[in-house]
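Visitor:
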Amino acid sequence: MDKFLLLLLLLGPLPLVFLQAQALVCTVCRSFKEGHCLRGKDNCTANSVSSCRTRDFFFFSDRDGWLYDHTELDCAMFCLSSNLFYEQNKISSYCCKNQDFCNRYQGKLMIKNIY
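When you line the sequence shown up against mature numbering (1 follows the signal peptide of the UniProt record, and there is no 0), it's residues -23 to -1, 1 to 92, in that order.
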């Protein structure tokens, strides 16, 4: 019986090691533009219900259509890839979980007429 308890004590933390290995590290940047993080550069850790997220922000111009403004990189709970429209603004979201920093440098230099 003592050997069984010792085995349980030794193997007890093992599941925690596997749970920690599932953590995903993501890039954080509050304003990414022209290949550089201009504000808020950091990292975050996504868990089993969150993902790394890239959000591209656009504004609408009557002359040129949808113009890229900037990108935000972060961790998001229950992330869904989507296109959201609000008046003259559009936010395109992309979510990933395939590897650490999978949302790194997803910003665009200049995008026109995105539908």
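All residues carry an ideal CB built from backbone N, CA and C; glycine is no exception.
Out of curiosity, what's the CA-to-CA distance linking residue 41 and residue 22?
Guide: Distance between the alpha carbons of residue 41 and residue 22 is about 38 Å.
Visitor: Can you check the stretch 19 to 70 for any beta strand (DSSP E) of at least 3 residues that lies completely inside it and give the ranges in chain order?
Guide: For the stretch 19 to 70, whole beta strand (DSSP E) runs of length 3 or above, ordered along the chain, are 19 to 23, 27 to 38, 42 to 54, 59 to 63.
Visitor: Is it the case that the Cβ atoms of residue 46 and residue 62 are separated by a distance below 8 Å?
Guide: Not a contact, by the Cβ cut-off of 8 Å.
Visitor: For a quick check, are the C-beta atoms of residue 16 and residue 28 less than 8 Å apart?
Guide: No, Cβ-Cβ distance for residue 16 and residue 28 is not below 8 Å.
Visitor: Can you tell me whether residue 26 is buried or exposed, with buried defined as 16 or more other CB within 10 angstroms of its CB?
Guide: Exposed, by the Cβ-count rule.
Visitor: In terms of residue numbering, what span does the beta strand (DSSP E) encompassing residue 6 cover?
Guide: Segment 1 to 10, the beta strand (DSSP E) holding residue 6.
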